[in-house]
Amino acid sequence: MNFPIDWLAFALLALMALEIFDYFILQKQTGQSRFFCLIFAIAGILPYPFFVPESLLYANWIRFFFAMVVFNKIIKSIEIAYYRVKPEHLESFGRYLFWSLNFPEPTWPKTQEDASIAKKQGQIRILRFFLKETLVLGLVCLSTLFPEMHNWIPIKMLWLMLFAYLHFSGLIDIITGVVMQSGIMLEEVFDSPLVSQSPREFWGKRWNIYFRNVSHRNIFLPAQGKMPVVLGVICVFALSIILHEYMIWVSLGVQYLGYMTAFFSIHCAATIAQTWFRQKTGKKKIFPMPVAICLNLSWMILTAPIFMYPMT
């Protein structure tokens with residue numbers, strides 16, 4: 025193989041083949057045929073991260089990204105198989121491909137004004153990217169000037185949380201911002217998660233809104249009236265555990281498995297406990313907003329070492 029072009033070309037062709045399969049074959053199936061076609065689609069995308077050669081620079085991080093592509097593709101395959109897709113996304117193969125390859129949900133412009141609004145919002149996201157990366161640079165400078173700060177675990181965890189959030193959300197901002205210059209609106213992925221007042225608000229309203237909406241469409245809506253809400257919450261966290269353990273496995277190996285399970289199990293228990301307390305007491309808020317934000321941030325810092333360990 026002509027390294028590294030051949031492996032990348034093969035990976036893109038494999039992904040495109042699965043997209044064609046989903047649009048032209050999977051969405052037309054019913055009954056057992058639909059089930060077996062869906063299994064084929066899932067089995068076809070699961071090995072995707074292993075296309076990345078071991079000798080490639082930053083191979084682990086590229087595999088981590090490919091694992092996110094795998095999750096997105098599996099979700100899109102499930103949604104197209106069980107008709108959980110907005111009809112406008114399926115009007116043409118081009119529209120389907122745009123919807124399938126993008127993580128955030130797109131909204132197609134109906135008027136020129138809609139397109140103009142999307143472009144302006146995209147420009148704001150591009151500016152937001154530069155602001156966040158400036159803050160990331162500030163964090164790096166702070167760490168360089170005061171390396172001893174990392175000797176204190178709470179400060180180290182806060183630094184890592186800020187760095188990860190600002191950098192990751194910044195990358196999403198620049199990608200979605202550029203794409204939105206086409207006039208197509210893409211939903212936000214984060215909503216100021218650092219000011220969350222509780223675990224339930226953090227996971228349910230502010231962190232990874234894409235995953236929240238996917239879970240709502242594919243777990244809560246189909247199961248509405250068929251199972252308790254608490255069981256739905258457990259299913260969502262279980263899905264998150266599977267996703268994160270898969271990403272860790274393909275990028276870092278089996279020796280780091282289990283940390284994601286522990287982290288999300290603890291947060292699942294905290295979210296359920298908060299839901300139970302609200303139902304029993306009828307209180308939506310216990311502490312004033314500033315206190316609640318500080319307590320939730322402290323809770324995240326306390327549990328962050330479990331999540332961060334495989335990546336540090």
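Adding 24 to a residue's 1-based position in the sequence shown gives its number in the numbering used here.
Heads up, the beta-carbon is just placed ideally off N, CA and C, and yes, glycines get one too.
Cα-Cα separation, residue i to residue j
i: K309; j: A83; result: 45 Å
i: L80; j: L32; result: 11 Å
i: H174; j: G277; result: 26 Å
i: Q147; j: E172; result: 38 Å
i: V349; j: V219; result: No information on residue 349 is available, as it lies outside the stretch 25 to 336 that the chain covers here.
i: F235; j: E211; result: 12 Å
i: K307; j: P128; result: 33 Å
i: F117; j: L39; result: 14 Å
i: N26; j: C61; result: Per-residue confidence for N26 stands at a pLDDT of 49, beneath the threshold of 50, marking its modelled position as unreliable; no derived number is given.
i: D21; j: W85; result: Residue 21 lies beyond the stretch modelled for the chain, which goes from 25 to 336, so this question has no answer here.
i: L120; j: F45; result: It is Tyr, not Leu, that sits at residue 120 in the sequence shown. Answer to the nearest angstrom: the Cα atoms are 12 Å apart.
i: Y47; j: P329; result: 42 Å
i: A297; j: S322; result: 17 Å
i: L195; j: R152; result: 10 Å
i: I317; j: E225; result: 11 Å
i: S264; j: A294; result: 15 Å
i: T299; j: F214; result: 22 Å
Where residue i falls, given that 16 or more other Cβ within 10 Å makes a residue buried
i: S275; result: buried
i: W123; result: buried
i: Y333; result: exposed
i: P223; result: buried
i: Q56; result: exposed
i: K97; result: buried
i: H240; result: exposed
i: D30; result: exposed
i: M324; result: buried
i: G256; result: buried
i: P217; result: buried
i: W231; result: buried
i: S201; result: In the sequence as presented, Ser is not what sits at residue 201; that position holds Gly. The residue is buried, with at least 16 neighbouring Cβ atoms inside 10 Å.
i: T168; result: exposed
i: C292; result: buried
i: A41; result: exposed
Nearest-angstrom Cβ-Cβ length linking residue i and residue j, presumed shorter than 8 Å
i: F342; j: M271; result: In the structure as shown, the chain starts at 25 and stops at 336, and residue 342 therefore has no counterpart that could be examined.
i: I104; j: Q53; result: Going by Cβ atoms, the distance from I104 to Q53 rounds to 10 Å, so no, they are not a contact pair.
i: L163; j: L186; result: 6 Å
i: V76; j: F90; result: 6 Å
i: N126; j: Q221; result: With a Cβ gap of about 30 Å, N126 and Q221 do not count as contacting.
Closer than 9 Å to chain B by CB, residue i
i: N126; result: In the structure shown, chain B cannot be found, because there is only a single protein chain.
Where residue i falls: helix, strand or coil (DSSP)
i: P128; result: coil
i: M251; result: coil
i: N26; result: Bear in mind that the predicted position of N26 carries a pLDDT of just 49, short of 50, making it unreliable; the figure below should be weighed with that in mind. Of the three classes helix, strand and coil, the one that applies to N26 here is coil, per DSSP.
i: L37; result: helix
i: L81; result: coil
i: L218; result: helix
i: L210; result: strand
i: I265; result: helix
i: V238; result: helix
i: G277; result: coil
i: P334; result: helix
i: Q108; result: In the sequence as presented, Gln is not what sits at residue 108; that position holds Arg. Coil, per DSSP.
i: I243; result: helix
Decide yes or no for the touch test of the segment 187-206 against the segment 150-158: beta carbon pairs closer than 8 Å, at least 3 of them.
-> yes
Quick check: the segment 201-221 against the segment 136-144, are at least 3 beta-carbon pairs closer than 8 Å?
yes
Three or more C-beta pairs under 8 Å: does that hold for the segment 34-46 against the segment 60-79?
yes
query: Do the segment 275-294 and the segment 104-115 touch if we need at least three Cβ pairs shorter than 8 Å?
result: no
Are at least three pairs of beta-carbons, each pair with one atom in the segment 59-67 and one in the segment 124-133, less than 8 Å apart?
no
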